[in-house]
Amino acid sequence: MNVLVPIKRVVDYNVKVRVKADNSGVDLANVKMSMNPFCEIAVEEAVRLKEKGVASEIVVVTIGPNTAQEQLRTALALGADRAILVESADELNSLAVAKLLKAVVEKEQPQLVILGKQAIDSDNNQTGQMLGALTGYAQGTFASKVEVAGDKVNVTREIDGGLQTVALNLPAIVTTDLRLNEPRYASLPNIMKAKKKPLDVVTPDALGVSTASTVKTLKVEAPAARSAGIKVKSVAELVEKLKNEAKVI
Amino acid sequence: MTILVIAEHTNAALAAATLNTVAAAAKIGGDIHVLVAGAACGAAAEAAAKVAGVAKVLVADNAAYAHQLPENVAPLVAELGKGYSHILAAATSNGKNILPRVAAQLDVDQISEIIAVESADTFKRPIYAGNAIATVQSSAAVKVITVRSTGFDPIAAEGGSAAVEAVSGSADAGKSAFVGEELAKSDRPELTAAKIVVSGGRGMQNGDNFKHLYALADKLGAAVGASRAAVDAGFVPNDMQVGQTGKIVAPQLYIAVGISGAIQHLAGMKDSKVIVAINKDEEAPIFQVADYGLVGDLFELVPELTGML
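Residue numbers (full-length UniProt numbering), protein chains in the order written: chain U, 1 to 249; chain R, 1 to 309.
This is the structure we're talking about:
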């Protein structure tokens, strides 16, 4: 079966972002960008399904600026077969992304779509679920285990109180949680080979999708800074401070 | 304006997060209706009717909603939600699972994890692991929103007397089925609702050593959490994880033991009122957010602290 893996180019998770002085957003000029960590897990899961003989072809897709080709090449180096870039310079909301992905799903007809559960920049946790609604496919969100069995996929999900397993009819949508797998690194020969793999570039207009949004960001501020704390010398001093100064115990 | 709040419940009881979500709805203003969708969920519906400020409780009691499968619940919420100005759910694993599906069915954007209500159409939400706070405005006909519980003080669970009305739901969509679940058992307070949280990280070295934290937590009546490092190393189950990808907590007191304080962990706890860090590395980033820091060996300090309480 074919697997589609949507990925996102985001600021590297180790970067401590700074809010712009004019409060229009965070400063992303000259900041290291990477593939969203949850998307790496999604690519890894697709590659493992291929290695097990379950998946036949892996297509990776991203929606973003031209520079997002770097992340597509990374995914190709990790084992994806071909890539699609839906080029859009604007920052799009999840619904617009889901609509674009739906157009790609209709074209590619994957049996399984694997996305990350959330992007670490917008922290929305929406796209996979929205794609589920638009395509009418079942969804297995926050997956920590994925097993394809015949025309169904069993997904073990991380829920607030523990784990839950659901059986979904294929085609289905899965969003990855951190514990699904440990993503591999791309080897140098594979990075070289990835340069020759096919990468198509399309536009939202070509897919016939409007990316208009009903939500706009008015401003972005730095969170309130915590006032500097103190180091205490002993446990006795700590207990005394918690009891008498902070009054929390 | 009428607001629909999707109740978080276990069929038998209402989850605490629902009270925070109703509090957010009260800040928006307008009539508040609560939807309890489940199977044999009469008790949860009764509890919802008693919540202060709730005008009406809609009960969709149907076997198809027993495990809140989004393929079944989302169409119900989308259909009911059309007449409302806002649809709110708690940003729990359940709310996050269902609500974006509802929003897409209604063809509107969703606003995730709001921490403040500025006005009926303007909200604040954290982005970049809590390193920036965005103020967003929605012009959608139906505003679909998940609410971060720690951003709102819970509304009183008693004092209301809402009318309870049964609504008919759709049948099972037949796309998904519940197979089973494995819930972690704990007698301690629930992590997201606890007044005090004691968390351990990689510095705990193994799962057995968490007994020091359990002893401390039991003295304080606290919940026990963990960093991702501790969960990945298999010390404790993943539902104990505090952070961007785990649970968001904002207790009165958060005690971080053997936790370095990575960005992703801070995203889950930096709104705690008082933070205490116990770590042997005095350069650890956790000390930059801690109100009280104690540098030293946790295996000596934690039992000493437990003994003094």
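Glycine included, C-beta positions come from ideal geometry on N, C-alpha and C.
Output, in chain order, the set of chain R residues within a Cβ distance shorter than 7 angstroms of residue i.
i: P183/U; result: Near P183/U there are no residues of chain R at all, since even the closest Cβ is about 13 angstroms away, more than 7 angstroms.
i: V104/U; result: Within chain R, no residue comes near V104/U; the closest Cβ sits about 16 angstroms away, beyond 7 angstroms.
i: residue 250/U; result: There is simply no residue 250/U to check, as chain U begins at 1 and stops at 249 in what is shown.
Verify the CB distance criterion: does residue i have a CB-CB separation below 9 angstroms to chain U?
i: Y128/R; result: yes
i: A74/R; result: yes
i: M308/R; result: yes
i: S85/R; result: no
i: A284/R; result: no
i: H212/R; result: no
i: S199/R; result: no
i: T21/R; result: no
i: T18/R; result: no
i: V108/R; result: yes
i: I6/R; result: no
List the whole-angstrom C-beta distance separating residue i from residue j, where the pair is believed to meet the contact cut-off of C-beta under 8 angstroms.
i: Q129/U; j: Q139/U; result: 6 angstroms
i: I114/U; j: A46/U; result: 6 angstroms
i: L19/R; j: I155/R; result: 5 angstroms
i: Y137/U; j: P171/U; result: 5 angstroms
i: I249/U; j: K241/U; result: About 10 angstroms separates the two Cβ atoms, so there is no contact after all.
i: N2/U; j: E106/U; result: Going by Cβ atoms, the distance from N2/U to E106/U rounds to 13 angstroms, so no, they are not a contact pair.
i: G169/R; j: A47/R; result: 20 angstroms between Cβ atoms; not a contact.
i: L95/U; j: V136/R; result: The pair is not a contact, with the Cβ atoms about 14 angstroms apart (cut-off 8 angstroms).
i: V86/U; j: I63/U; result: 4 angstroms
i: V232/U; j: G307/R; result: Incorrect: roughly 17 angstroms between the Cβ atoms, too far for contact.
i: S138/R; j: I111/R; result: 6 angstroms
Can you pull the chain U neighbours of residue i, defined as C-beta to C-beta under 9 angstroms?
i: E304/R; result: S234, V235, A236
i: P70/R; result: Q129, G132, A133, A138, Q139, T141
i: S112/R; result: S94, Q118, S122, D123, N124, N125, Q126
i: L253/R; result: L242, A246, V248, I249
i: L220/R; result: I249
Of the choices the options, whose alpha-carbon is the least far from that of residue i?
i: I7/U; options: N169/U, K247/U, T156/U, T175/U; result: T175/U
i: N124/U; options: F123/R, D121/R, Y128/R, T122/R; result: Y128/R
i: A262/R; options: N14/U, V5/U, M1/U, V10/U; result: N14/U
i: E181/R; options: V201/U, P223/U, S144/U; result: S144/U
i: G201/R; options: A52/R, D239/R, F235/R; result: F235/R
i: L35/R; options: V164/R, V142/R, V117/R; result: V164/R
i: H67/R; options: G53/R, A141/R, E8/R, A16/R; result: E8/R
i: A225/U; options: R18/U, V10/U, V11/U; result: R18/U
i: A166/R; options: L266/R, Y292/R, L76/R; result: L76/R
i: V50/U; options: K32/U, N66/U, D81/U, V31/U; result: The question names Val, but residue 50/U in the sequence shown is Lys. Considering only alpha carbons, the answer is D81/U.
i: K16/U; options: I84/U, V5/U, N30/U; result: N30/U
i: A55/R; options: I32/R, V73/R, A157/R, C41/R; result: I32/R
i: F210/R; options: A233/R, A267/R, S149/R; result: A233/R
i: P223/U; options: N131/R, E304/R, V224/R; result: N131/R
i: D27/U; options: E221/U, A228/U, V235/U, A83/U; result: E221/U
i: G174/R; options: A13/R, L69/R, A78/R; result: L69/R
i: S234/U; options: N279/R, L266/R, A39/R; result: N279/R
Report the neighbours of residue i on chain U: residues whose CB is nearer than 7 angstroms to its CB, in chain order.
i: F178/R; result: V166
i: S139/R; result: T214
i: V295/R; result: K231
i: T245/R; result: L178
Mind pulling the chain R residues with CB within less than 9 angstroms of residue i?
i: R226/U; result: K270, I275, Q288, V289, A290, D291
i: I159/U; result: T92, S93, N94, N97, E181, L183, D239
i: E221/U; result: K124, A132, I133, A134, T135
i: V146/U; result: What V146/U touches in chain R: nothing, since even the nearest Cβ is about 13 angstroms away.
Is the CB of residue i under 9 angstroms away from at least one CB in chain R?
i: Q111/U; result: no
i: M192/U; result: no
i: Q118/U; result: yes
i: V174/U; result: no
i: L163/U; result: yes
i: T67/U; result: no
i: L101/U; result: no
i: T203/U; result: no
i: D22/U; result: no
i: R179/U; result: yes
i: residue 251/U; result: With chain U covering only 1 through 249, there is no way to say anything about residue 251/U.
i: S34/U; result: no
i: K8/U; result: no
i: N154/U; result: yes
i: V31/U; result: no
Give the residues of chain R in contact with residue i, contact being defined as C-beta atoms less than 8 angstroms apart.
i: N169/U; result: G174, K175, S176
i: V239/U; result: L305, M308, L309
i: K16/U; result: N131, I263
Report the residues of the segment 180 to 193 of chain R with a CB closer than 7 angstroms to any CB of chain U, ordered along the chain. Residues of the segment 180 to 193 of chain R with a C-beta atom less than 7 angstroms from some C-beta of chain U are G180, E181, E182, L183, A184, listed in chain order.
Residues from the segment 87 to 101 of chain R in contact with chain U, defined by Cβ distance under 9 angstroms: Taking 9 angstroms as the cut-off between beta carbons, the residues of the segment 87 to 101 of chain R near chain U are A91, T92, S93, N94, K96, N97, I98, L99, P100, R101, in sequence order.
At a Cβ cut of 7 angstroms, what residues of the segment 44 to 77 of chain U count as close to chain R, listed as they run along the chain? Here the close residues number zero.
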